[in-house]
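Asker: Residue numbers (this note's numbering), protein chains in the order written: chain A, 34 to 318; chain B, 199 to 658.
Positions of the beta carbon are idealized from the N, C-alpha and C atoms, including for glycine.
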Amino acid sequence: MFQIISKAVMAQGSVVQNEIMAPLVAANAKPGQFLILRVDETGERIPLTISDSDPKAGTVTIVYQVVGRTTSQLAALEPGGGIRDVVGPLGQPTDIRNVGTVVCVGGGSAAAVLRPIIRGFKAAGNKVVSIVGARSQDLVILEEQIKSASDELHICTSDGSYGRSGFVTDVLREILEKDEGEIKEVVAIGPIPMMKACCDVTAEFKVKTLVSLNALMVDGTGMCGCCRVMVGGQVRFACVDGPEFDGHLVDFDALSARLSAYRAHELESKEHHDACQCEDQGAKA
Amino acid sequence: MNARHEMPEQDPETRRDNFDEVPLGYDEKTAMAEAARCLQCKNPVCVAACPVSVPIPQFIGHIKDGDFNAAARAVLSRNSLPAVCGRVCPQETQCEGACVLARKNCAVAIGALERFVADRLASGEGSAAPGIAPATGKKVAVIGSGPGSLTVAGDLIRRGHGVTVFEAFHQPGGVLVYGIPEFRLPEKVVESDLKMLTDMGVDIKCNVVVGKTLTIDQLLGQQGFDAVYIGAGAGLPLFLDIEGENLNGVYSANEYLTRSNLMKARLFPENATPVLRGRNVCVFGGGNVAMDALRTAIRMGAESATCVYRRGREEMPARQEEIRHAEEEGVKFLFLQAPARFIGDEKGRLCAVQLQEMRLGQPDQSGRRRPEPVPGAVTTLDCDMAVIAVGSGPNPVVGSATADLKVDSRGYIIADEHGRTSKEKVWAGGDIVTGAATVILAAGAGRKASDSMHEYLTSG
Chain A
34 MFQIISKAVM AQGSVVQNEI MAPLVAANAK PGQFLILRVD ETGERIPLTI
84 SDSDPKAGTV TIVYQVVGRT TSQLAALEPG GGIRDVVGPL GQPTDIRNVG
134 TVVCVGGGSA AAVLRPIIRG FKAAGNKVVS IVGARSQDLV ILEEQIKSAS
184 DELHICTSDG SYGRSGFVTD VLREILEKDE GEIKEVVAIG PIPMMKACCD
234 VTAEFKVKTL VSLNALMVDG TGMCGCCRVM VGGQVRFACV DGPEFDGHLV
284 DFDALSARLS AYRAHELESK EHHDACQCED QGAKA
Chain B
199 MNARHEMPEQ DPETRRDNFD EVPLGYDEKT AMAEAARCLQ CKNPVCVAAC
249 PVSVPIPQFI GHIKDGDFNA AARAVLSRNS LPAVCGRVCP QETQCEGACV
299 LARKNCAVAI GALERFVADR LASGEGSAAP GIAPATGKKV AVIGSGPGSL
349 TVAGDLIRRG HGVTVFEAFH QPGGVLVYGI PEFRLPEKVV ESDLKMLTDM
399 GVDIKCNVVV GKTLTIDQLL GQQGFDAVYI GAGAGLPLFL DIEGENLNGV
449 YSANEYLTRS NLMKARLFPE NATPVLRGRN VCVFGGGNVA MDALRTAIRM
499 GAESATCVYR RGREEMPARQ EEIRHAEEEG VKFLFLQAPA RFIGDEKGRL
549 CAVQLQEMRL GQPDQSGRRR PEPVPGAVTT LDCDMAVIAV GSGPNPVVGS
599 ATADLKVDSR GYIIADEHGR TSKEKVWAGG DIVTGAATVI LAAGAGRKAS
649 DSMHEYLTSG
């Protein structure tokens with residue numbers, strides 16, 4: 034059992050942050066890596082990017098959007114409760130070097146997984162410009178942490194309720210237009226349409242762009258091939274070759290299609306879980 | 199000579215709808231009668247043909263005499279996984295293939311007898327706790343918990359060494375639990391063999407990916423292990439590299455079997471892991487894994503399950519028993535056909551496969567005649583699920599994380615006949631060294647390595 038140390042609810046309850054006691058994962062975790070967890074004995078194994086780690090305390094932090102059965106179960110756990118299985122760190126760490134200026138773009142809850150990457154680039158001596166986007170002000174998460182880790186932070190909301198009105202790509206384009214060759218790399222992490230749009234912009238400016246692919250996985254160690262993605266016309270496994278790849282080479286449409294494989298199952302599973310919860314509560318009442 | 203006593207089996211019509219084990223095992227009377235058929239050869243060729251040298255005439259002699267505990271002790275002296283091996287070893291090409299009576303086509307049912315002995319222990323009817331040598335104070339780390347690793351763990355714990363097994367998944371057993379289905383190897387059978395090991399003091403730590411969670415250097419350094427055995431298995435699925443392979447509905451055998459076995463997707467939605475329930479299922483490949491995938495698909499409600507193999511029936515690497523079981527359950531076979539491309543619908547789901555007819559040419563390196571395409575002979579077969587079971591390669595995680603561990607051009611770890619690798623204090627064996635093979639060959643490799651490791655641990 035892996036104990037939950039803390040829980041923070043953000044973005045109107047749609048996003049949850051947990052600190053989990055997992056000393057072996059914390060000891061070796063590097064920016065960009067992920068873990069796989071299984072909530073209970075009947076649970077599914079799901080990958081989540083590590084959002085922070087503290088080797089001294091032995092803890093890792095995950096931040097997730099509550100969407101399906103597993104994330105609902107996770108969100109229902111309180112500090113002191115436990116997760117049945119946690120394994121990691123998995124995948125390749127972000128390729129962090131001193132390149133000059135790096136722009137880090139995060140969409141929605143993915144801003145959380147950008148946090149260790151921003152710190153990593155900063156610690157390596159880069160200037161880091163961060164762009165965080167959300168649908169509205171109350172969905173902006175971890176603003177203070179990202180601000181303090183970055184040299185500059187731009188926030189934008191689609192409804193204009195906070196920061197700039199518009200999309201992260203608008204800000205990204207402006208920054209690249211003003212740039213005089215300082216920006217050597219862009220990291221874009223978020224929903225697929227956002228990453229794809231960012232890559233379209235950076236391709237125009239010929240700036241190398243890393244994206245992190247949230248493919249479906251089972252084992253996370255290269256054993257099953259569930260997470261295969263097309264990168265530069267080649268089959269790559271997101272779990273062992275990634276999760277980060279050169280965004281200009283990724284076939285995002287193929288990834289979207291593969292992510293939809295179990296859409297109907299996901300709904301059925303969530304409904305089954307919700308129905309069981311109702312029965313449990315009925316039994317208690 | 200009396201006829202061999204065949205094990206009773208679940209009726210094909212019934213078993214198509216359940217995941218219960220197919221062969222039902224011997225009762226005591228049948229076991230003793232079968233044991234009486236053994237000629238007790240002075241020079242037992244069966245033992246020589248067993249990769250872990252189980253003392254076959256001795257254990258069978260004890261069964262004949264009704265001393266089942268003594269039989270169990272004899273088996274366990276050389277095999278830590280008797281319940282597993284009694285079921286999934288290809289006995290017909292090993293012990294039973296060598297049996298003197300095999301010439302008359304009625305070899306002693308050694309596998310069934312081994313299973314009988316192990317099942318009786320597991321049911322709590324007998325006891326055969328093997329002796330453990332005094333503690334040596336040495337600690338060994340075993341990577342992976344499949345048959346090779348568990349053999350090493352059993353051998354070394356009995357010789358007094360401390361043993362910790364590291365498993366990447368949340369449950370130990372490796373291919374025995376993620377790959378081989380319940381109807382061929384029930385989970386509780388694996389658990390009973392595992393329990394014998396943990397009762398002896400083997401410590402099993404799940405959720406540790408060596409190469410990621412801990413490195414081999416950390417195991418030998420800060421973790422204080424004196425030696426390491428790598429039995430990480432052939433965990434890299436091979437794909438066909440043809441058009442449409444990433445369509446939804448196309449699985450590697452590893453993924454399909456892991457979802458349905460280890461993750462129990464057959465119990466969805468009680469169990470949260472989903473798996474597609476194909477109506478018309480094609481499985482590519484002719485080995486035991488292909489048979490496992492086909493028979494799983496039948497049990498998951500497939501209307502048709504077709505084995506598509508690029509060579510002929512005679513060239514199929516699967517065990518005769520598996521092919522027979524699959525056929526009885528309604529699996530269809532298409533020989534001399536290879537997949538050319540997968541065809542999807544507008545939603546990116548598999549709906550058909552194009553097949554290329556093959557013919558057999560000259561023998562290749564494996565000695566089997568190489569299949570060649572027949573020009574223009576292309577057909578299309580409707581299918582909404584496909585499983586690729588054409589083998590696997592070496593998992594790269596451990597090798598790539600260990601700089602001074604030599605691997606060959608294909609990524610297999612290089613080890614000598616004793617399992618010694620290029621890295622000091624590190625041994626390796628099984629599929630990660632030799633490529634995908636059987637449970638018992640992995641166990642045999644583990645046996646050779648454990649002898650060498652013991653010698654190293656006790657010298658100097």
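Within 10 angstroms of its Cβ, does B/I611 collect 16 or more other Cβ (buried), or is it exposed?
Answerer: Reading the second sequence from its first residue, position 413 is the one you call residue 611 of chain B. So B/I611 ends up on the buried side.
Asker: Flag this pair as yes or no: are the beta carbons of A/F238 and A/I116 separated by less than 8 Å?
Answerer: As a working note, residue 238 of chain A is residue 205 in the first sequence. As a working note, residue 116 of chain A is residue 83 in the first sequence. It is not a contact, given that the beta carbons lie outside the stated cut-off.
Asker: Starting from the beta carbon of A/T104, find every residue of chain B whose beta carbon is closer than 8 Å, and list them in chain order.
Answerer: Within the first sequence, numbered from 1, the residue matching residue 104 of chain A stands at position 71. Going along chain B, no residue has its Cβ under 8 Å from A/T104, so there is no contact; the nearest lies around 11 Å.
Asker: Rounded C-beta distance between B/G223 and B/D317? I'm assuming under 8 Å.
Answerer: Taking the second sequence and counting its residues from 1, one reaches residue 223 of chain B at position 25. Taking the second sequence and counting its residues from 1, one reaches residue 317 of chain B at position 119. The Cβ separation is near 6 Å, so the contact holds.
Asker: Leaving aside the five residues before and after A/L81 along the sequence, list all residues of the same chain whose C-beta is less than 7 Å from its C-beta, in chain order.
Answerer: Position 48 of the first sequence, counting from 1, holds the residue named residue 81 of chain A. These residues qualify, in order along the chain: F67, L68, L70, I95, Y97.
Asker: Would you call the segment 522-529 of chain B in contact with the segment 487-506 of chain B, where contact means no fewer than 3 C-beta pairs closer than 8 Å?
Answerer: yes
Asker: Between B/A326 and B/F364, how many whole angstroms is the CB-CB distance? I'm expecting something under 8 Å.
Answerer: In the second sequence, residue 326 of chain B corresponds to position 128, counting from 1. In the second sequence, residue 364 of chain B corresponds to position 166, counting from 1. B/A326 to B/F364, Cβ: 28 Å. No contact.
Asker: Between the Cα of B/G476 and the Cα atoms of B/A584, B/R608, B/H203, which residue gives the shortest distance?
Answerer: For this step, residue 476 of chain B is matched to residue 278 along the second sequence. Closest by alpha carbon: B/A584.
Asker: Taking A/A248 as the query, report the chain B residues whose CB atoms sit under 9 Å from its CB, ordered along the chain.
Answerer: Counting from 1 along the first sequence, the entry for residue 248 of chain A is found at position 215. Ordered by position in chain B, no residue passes the 9 Å Cβ test against A/A248, which lies about 11 Å from the chain.
Asker: In whole angstroms, give me the CA-to-CA distance for B/R645 and A/L57.
Answerer: In the second sequence, residue 645 of chain B corresponds to position 447, counting from 1. In the first sequence, residue 57 of chain A corresponds to position 24, counting from 1. Between B/R645 and A/L57, the C-alpha separation is close to 30 Å.
Asker: Which class does B/T396 belong to by DSSP, given the choice of helix, strand or coil?
Answerer: Here residue 396 of chain B corresponds to residue number 198 of the second sequence, with the count starting at 1. Assigned with DSSP and collapsed to three states, B/T396 falls in helix.
Asker: Would you mind stating whether B/T632 and B/A647 have Cβ atoms separated by less than 8 Å?
Answerer: Your numbering for residue 632 of chain B matches position 434 in the second sequence. Your numbering for residue 647 of chain B matches position 449 in the second sequence. B/A647 sits away from B/T632, with the two beta carbons spaced by 8 Å or more.
Asker: Between the beta-carbon of B/T504 and the beta-carbon of B/Y376, is there less than 8 Å?
Answerer: On the second sequence, residue 504 of chain B is found 306 positions in, with the first residue counted as 1. On the second sequence, residue 376 of chain B is found 178 positions in, with the first residue counted as 1. Not closer than 8 Å, so no.
Asker: Taking just the CA atoms, how far does A/V135 sit from A/E389?
Answerer: Limits of chain A in this structure are 34 at one end and 318 at the other, which puts residue 389 of chain A out of reach.
Asker: On the CB-based measure, 16 or more other CB atoms within 10 Å of its CB, does A/V42 come out buried or exposed?
Answerer: Along the first sequence, read from residue 1 onward, the residue named residue 42 of chain A stands at position 9. Exposed.
Asker: Check whether the Cβ of A/N159 sits closer than 7 Å to any heavy atom of the ligand PLP, and report yes or no.
Answerer: Here there are no bound small molecules, and the ligand PLP is not part of this structure.
Asker: Let's test the definition: count the other Cβ atoms within 10 Å of the Cβ of B/E232 and tell me whether it reaches 16, buried, or not, exposed.
Answerer: In the second sequence, counting from the first residue as 1, residue 232 of chain B sits at position 34. Answer is buried; the Cβ neighbour count reaches 16.
Asker: Comparing alpha-carbon positions, which option in B/P573, B/V407, B/V473 lies nearest A/V293?
Answerer: Stepping through the first sequence from its first residue, residue 293 of chain A is reached at position 260. The residue you asked about is not Val; residue 293 of chain A is Ser in the sequence shown. It is B/V473.
Asker: So if I threshold CB-CB distances at 9 Å, which residues from the segment 237-261 of chain A count as touching chain B?
Answerer: V251, D252, G253, T254, G255, M256, C257, G258, C259, R261
Asker: B/T456 versus chain A: which residues are under 7 Å apart at the beta carbon?
Answerer: Locating residue 456 of chain B in the second sequence gives position 258, counting from the first residue. Ordered by position in chain A, the residues that pass the 7 Å Cβ test against B/T456 are V251, D252, C257.
Asker: With burial defined as no fewer than 16 other Cβ atoms inside 10 Å of the residue's Cβ, what is the status of A/L107: buried or exposed?
Answerer: By 1-based counting over the first sequence, the position of residue 107 of chain A is 74. Classification for A/L107: buried.
Asker: Express the C-alpha separation of B/G284 and B/D391 in angstroms, rounding to a whole number.
Answerer: Reading the second sequence from its first residue, position 193 is the one you call residue 391 of chain B. Reading the second sequence from its first residue, position 86 is the one you call residue 284 of chain B. The alpha-carbon atoms of B/D391 and B/G284 are separated by roughly 11 Å.
Asker: Identify, in the order they occur along the chain, each residue of the same chain with its Cβ nearer than 8 Å to the Cβ of A/G101, setting aside the five sequence neighbours on each side.
Answerer: Along the first sequence, read from residue 1 onward, the residue named residue 101 of chain A stands at position 68. The answer, listed in chain order, is E299, S302, K303.
Asker: Tell me the rounded alpha-carbon separation between B/A613 and B/G429.
Answerer: Working through the second sequence from its first residue, we reach residue 613 of chain B at position 415. Working through the second sequence from its first residue, we reach residue 429 of chain B at position 231. Roughly 12 Å separates the two Cα atoms.
Asker: What's the C-alpha gap between B/H203 and A/V93?
Answerer: On the second sequence, residue 203 of chain B is found 5 positions in, with the first residue counted as 1. On the first sequence, residue 93 of chain A is found 60 positions in, with the first residue counted as 1. In a straight line, the C-alpha of B/H203 is about 58 Å away from that of A/V93.
Asker: Taking the alpha carbon of B/R509 as the point to measure from, which residue in B/C236, B/E441, B/H523, B/V588 has its own alpha carbon closest?
Answerer: As a working mapping, residue 509 of chain B is identified with position 311 in the second sequence. Of the candidates B/C236, B/E441, B/H523, B/V588, the one whose C-alpha sits nearest the C-alpha of B/R509 is B/V588.
Asker: Taking just the CA atoms, how far does B/R568 sit from B/D265?
Answerer: Walking along the second sequence from the start, residue 265 of chain B turns up at place 67. Walking along the second sequence from the start, residue 568 of chain B turns up at place 370. The alpha-carbon atoms of B/D265 and B/R568 are separated by roughly 51 Å.
Asker: Could you tell me the boundaries of the alpha helix (DSSP H) in which B/H652 lies?
Answerer: Counting from one through the second sequence, the residue named residue 652 of chain B turns up at place 454. Residues 637-656.
Asker: Quick check: the Cα distance between A/E312 and A/H306, rounded to an integer number of angstroms?
Answerer: The residue labelled residue 312 of chain A in the question sits at position 279 within the first sequence. The residue labelled residue 306 of chain A in the question sits at position 273 within the first sequence. If you take the alpha carbons of A/E312 and A/H306, they lie about 10 Å apart.
Asker: Can you list, in chain order, the residues of the segment 140-157 of chain A whose Cβ is nearer than 7 Å to any Cβ on chain B?
Answerer: none
Asker: For a cutoff of 8 Å on Cβ pairs, would you count B/S275 as touching chain A?
Answerer: Here the question's residue 275 of chain B lines up with position 77 in the second sequence. For B/S275, the answer is no, since every Cβ of chain A falls outside 8 Å of its Cβ.
Asker: Which residues in chain A sit within 8 Å of B/G628, going by Cβ to Cβ distance?
Answerer: Start at 1 with the first residue of the second sequence, and residue 628 of chain B comes out as number 430. Within 8 Å Cβ-Cβ: nothing; B/G628 doesn't reach chain A, min ~15 Å.
Asker: Going by beta-carbon coordinates alone, are B/F367 and B/L279 separated by less than 8 Å?
Answerer: The sequence position of residue 367 of chain B within the second sequence is 169, counting from 1. The sequence position of residue 279 of chain B within the second sequence is 81, counting from 1. It is not a contact, given that the beta carbons lie outside the stated cut-off.
Asker: What are the residues that DSSP puts in a beta bridge with B/D401?
Answerer: Taking the first residue of the second sequence as 1, we reach residue 401 of chain B at position 203. Paired residue(s): B/T362.
Asker: Given a cut-off of 8 Å on the beta-carbon distance, is the pair B/K623 and B/V426 in contact?
Answerer: On the second sequence, position 425 is the one that residue 623 of chain B refers to. On the second sequence, position 228 is the one that residue 426 of chain B refers to. Yes. Within cutoff.
Asker: B/E453 CB to nearest chain A CB: under 8 Å?
Answerer: Translated into positions along the second sequence, residue 453 of chain B becomes position 255. Judged by the 8 Å Cβ criterion, B/E453 is in contact with chain A.
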